[in-house]
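Residue numbers (the numbering used here): 8 to 489.
Cβ atoms here follow ideal geometry from the backbone N, Cα and C, with glycine treated the same way.
Down below is the structure, laid out as structure tokens.
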Amino acid sequence: MNFLEKYREDFKEYDAMERDFIDDELIWQQLNKWENPSKDDVRRVLEKSARLVRLEPEEMAILIQTKDPEMLTEIYALAHKLKREIYGERIVFFAPLYVSDKCANDCVYCGYRCSNLKMHRKTLSMEEITREVEIMIGEGQKRLVMDAGEAPETGIDFICDCLKQIYSVKSKHGEIRRANLNCAPMSREEIRRLKEVGIGTFQVFQETYHHDTYRKVHPTGIKSHYRWRLYSQDRSLDAGADDVGIGALFGLYDWRFEAMGLLYHTMHLEEKYNGVGPHTISFPRIKFATGTPYALNPEYAVSDAEFKRLVAIIRLSVPYTGMILSARESAPLRREVIPLGISQIDAGSRIGVGGYQESAAANAMPDKEQFRLSDTRSLDEAIRETCETGDIPSLCTACYRKGRTGEHFMGIAKSGFVHNFCMPNAICTLKEYLLDYASPETKKAGEAAIQKYLPRISDVKTRQFVDQALRNLENGERDQYI
Ligand code: SF4
Ligand code: SF4
8 MNFLEKYRED FKEYDAMERD FIDDELIWQQ LNKWENPSKD DVRRVLEKSA
58 RLVRLEPEEM AILIQTKDPE MLTEIYALAH KLKREIYGER IVFFAPLYVS
108 DKCANDCVYC GYRCSNLKMH RKTLSMEEIT REVEIMIGEG QKRLVMDAGE
158 APETGIDFIC DCLKQIYSVK SKHGEIRRAN LNCAPMSREE IRRLKEVGIG
208 TFQVFQETYH HDTYRKVHPT GIKSHYRWRL YSQDRSLDAG ADDVGIGALF
258 GLYDWRFEAM GLLYHTMHLE EKYNGVGPHT ISFPRIKFAT GTPYALNPEY
308 AVSDAEFKRL VAIIRLSVPY TGMILSARES APLRREVIPL GISQIDAGSR
358 IGVGGYQESA AANAMPDKEQ FRLSDTRSLD EAIRETCETG DIPSLCTACY
408 RKGRTGEHFM GIAKSGFVHN FCMPNAICTL KEYLLDYASP ETKKAGEAAI
458 QKYLPRISDV KTRQFVDQAL RNLENGERDQ YI
């Protein structure tokens, strides 16, 4: 079957819809209505957020539109508090694995787009994937997100083979324990196959929720179908996927609109799937990419100050959802923004296809990279710094493996109870990292972090578990979690 015809039948479901759940006009009406909210308006919304309740669009609009420095300070303070209440001080680490840069789409902002002749195209063989994964494991990674362009040769068979291959790699110190996927939208049947091979979170970013902009920046290919992409999380949940992630690429359209789009997407999923919203929200900004003039000067570029507001406002609007901050952002900006609500970051990332084998550092192979990374610290450096700044790094993959996914996960995340799993697991996985991979300086900083957080586990049984797990790790056992 012709590649572009692949989903022709599936598209009919969406072409027949009168409207989708993103109403561009309504979003602008809501933003315009609250152009100048009062302090009382803002504080009313903050009071609701403090109760860990997901906000309504007009409430998010109030937070977005306030320019009052005093209110911004209160927004940042509450975002910081909520992050602590739900997830504690832990930051989960992961790394991306790019398996193919071949793509039949022509997204104007992307280095992998088919019309970019400056890109050196490559799809990894299974042997090359094994080597990449061995290197990642050797650096201490336990959790990855697999990325691929959308091309005939990177369809569902290839993706399933890659995931199986990733999970099959066992190295001296362990294995990848959770493989998430960030790739093209799939049909329900394809999602069922992904579930069989043990996919973690299935992420599809809408890029932009604004219909006209979407059309402009996705001129051809399957990706030009807005609703096929918009409803990909629906198909995933219909087909039994446990966790889905959403995201927008900031810089394509007004950041205020995109933030509202993310909220509407969350509400749509919650309403339709018994309260199950997105497991994670991502909000990358457009970055330089080889042969991609659009990325040099995006029309709606988001400043650092706006980005910081965006992160805090998403945290307050959807308190229970994991928030991912990628290494596209610089280390100093990440330091500033992580306390405002971030629960996951990548480190030691290589985003060129074959990058872990070909290079010890990021940004060394621009003709194979989708964009350029700003934070190029190794995992060891990032873990050390996280300890030194008072947080605790985590390589935890426990919820997925314990069946705490979907509705179950939402229940413990919305109540903040998940914190009782996150901290013990952060301590255990950090200890494992320190024993197997850490440099002497990181070992020192990590042990200090463990000593700081261990006494804070107040539940007696949990404390006993962690004490025993730490002894087990010292004695050579691995993979301790609750
Ligand atoms: Fe292909 Fe994704 Fe890049 Fe678009 S953003 S060109 S779909 S890899
Ligand atoms: Fe994530 Fe669950 Fe581990 Fe917490 S306990 S870090 S939510 S996998």
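Bounding residues of the alpha helix (DSSP H) (the contiguous stretch that carries residue i)
| i | result |
| --- | --- |
| Ala57 | 46–57 |
| Arg236 | 233–237 |
| Gln458 | 447–460 |
| Ile229 | Per DSSP, Ile229 belongs to no alpha helix (DSSP H) and is neither H nor E. |
| Val318 | 311–324 |
| Ser401 | Here Ser401 belongs to no alpha helix (DSSP H); instead the beta strand (DSSP E) covers 399–401. |
| Thr436 | 426–443 |
| Ile82 | 76–94 |
| Cys406 | 405–409 |
| Gln475 | 467–481 |
| Cys394 | 386–395 |
| Arg463 | Premise fails: Arg463 is in no alpha helix (DSSP H) and is neither H nor E. |
| Pro39 | Before going on, a small fix: residue 39 reads as Asn here, not Pro. From DSSP, the alpha helix (DSSP H) with Asn39 extends over 31–40. |
| Ile69 | 64–72 |
| Tyr21 | 15–22 |
| Ala420 | 413–422 |
Start-to-end residues for the beta strand (DSSP E) that takes in residue i
| i | result |
| --- | --- |
| Phe101 | 97–107 |
| Pro159 | Segment: none, Pro159 is in no beta strand (DSSP E) and carries neither H nor E. |
| Ile288 | 287–289 |
| Met193 | Premise fails: Met193 is in no beta strand (DSSP E) and is neither H nor E. |
| Gly252 | 251–254 |
Exposure of residue i, with buried meaning 16 or more beta-carbon neighbours within 10 Å
| i | result |
| --- | --- |
| Asp164 | exposed |
| His275 | buried |
| Phe101 | buried |
| Arg478 | exposed |
| Gln213 | buried |
| Pro305 | buried |
| Lys375 | buried |
| His127 | exposed |
| Arg463 | exposed |
| Gly483 | exposed |
| Asp154 | buried |
| Ala266 | buried |
| Gln351 | buried |
| Gln314 | In the sequence as displayed, the identity of residue 314 is Phe instead of Gln. It is buried - the Cβ of Phe314 has at least 16 other Cβ atoms within 10 Å. |
| Glu481 | exposed |
| Gln475 | exposed |
| Gly362 | buried |
| Gly410 | exposed |
| Ser132 | exposed |
| Glu414 | exposed |
| Asp219 | exposed |
| Ala158 | buried |
| Gly397 | exposed |
| Gln210 | buried |
| Arg236 | buried |
| Ile26 | Reading the sequence as shown, one finds Arg at residue 26 and not Ile. Exposed: under 16 other Cβ atoms inside 10 Å. |
| Thr273 | buried |
| Phe264 | buried |
Check: residue i C-beta below 7 Å from any heavy atom of ligand 4
| i | result |
| --- | --- |
| Cys406 | The ligand content of the structure shown is limited to ligand 1 and ligand 2, which means ligand 4 is not among them. |
Quiz item: What does the shell around ligand 1 hold, if a residue joins when its beta-carbon is under 6 Å from any heavy atom?
Solution: Cys110, Asn112, Cys114, Cys117, Tyr119, Arg120, Gly156, Glu157, Lys230
Quiz item: Are three or more beta carbon pairs between the region 241–256 and the region 30–39 nearer than 8 Å?
Solution: Contact fails: fewer than three Cβ-Cβ distances are below 8 Å.
Quiz item: With a cut-off of 8 Å, do at least 3 Cβ pairs link the region 312–322 to the region 296–304?
Solution: no
Practice problem: Could you say if the region 42–52 and the region 20–28 meet the contact criterion of at least three C-beta pairs nearer than 8 Å? | Solution: no
Quiz item: Taking contact to mean at least 3 C-beta pairs separated by less than 8 Å, is the region 465–481 in contact with the region 427–435?
Solution: Verdict: yes, contact present.
Quiz item: Which parts of the region 115–168 are runs of the alpha helix (DSSP H), unbroken and 4 residues or longer, counting only runs that do not cross its ends?
Solution: Within the region 115–168, the complete alpha helix (DSSP H) runs of at least 4 residues are 133–146.
Practice problem: Would you check if the region 405–413 and the region 113–126 touch, i.e. whether three or more CB-CB distances between them fall below 8 Å? | Solution: Verdict: no, contact absent.
Quiz item: Along the chain, which unbroken stretches of the alpha helix (DSSP H) at least 4 residues long are found entirely within the region 327–371?
Solution: When DSSP assignments are scanned along the region 327–371, the uninterrupted stretches of alpha helix (DSSP H) that are 4 or more residues long and fall wholly within it turn out to be 338–344, 362–365.
Quiz item: Per the contact definition of three or more C-beta pairs closer than 8 Å, is the region 376–384 in contact with the region 329–342?
Solution: Below 8 Å, enough C-beta pairs join the region 329–342 and the region 376–384 to call them touching: three or more.
Quiz item: Looking at C-beta atoms only, is the number of pairs between the region 60–76 and the region 87–99 that lie closer than 8 Å three or more?
Solution: no
Practice problem: Determine contact between the region 146–154 and the region 254–266, defined as no fewer than three beta-carbon pairs at a distance below 8 Å. | Solution: With the cut-off at 8 Å, the region 146–154 and the region 254–266 do not touch.
Self-check item: Contact the region 433–450 vs the region 386–397: 3+ CB pairs below 8 Å
Solution: yes
Exercise. Evaluate the contact criterion for the region 158–178 versus the region 197–208: three or more CB pairs, one atom per stretch, below 8 Å.
Key: yes
Quiz item: Can you find at least 3 beta carbon pairs, one from the region 234–247 and one from the region 188–200, that sit closer than 8 Å?
Solution: yes
Exercise. Could you tell me which uninterrupted beta strand (DSSP E) segments, each at least 3 residues in length, are contained entirely in the region 252–278, listed from first to last along the chain?
Key: none
Practice problem: Report yes or no: do the region 176–189 and the region 220–237 share at least 3 C-beta pairs separated by less than 8 Å? | Solution: Taking 8 Å as the limit for Cβ pairs, the verdict is that the region 220–237 does not touch the region 176–189.
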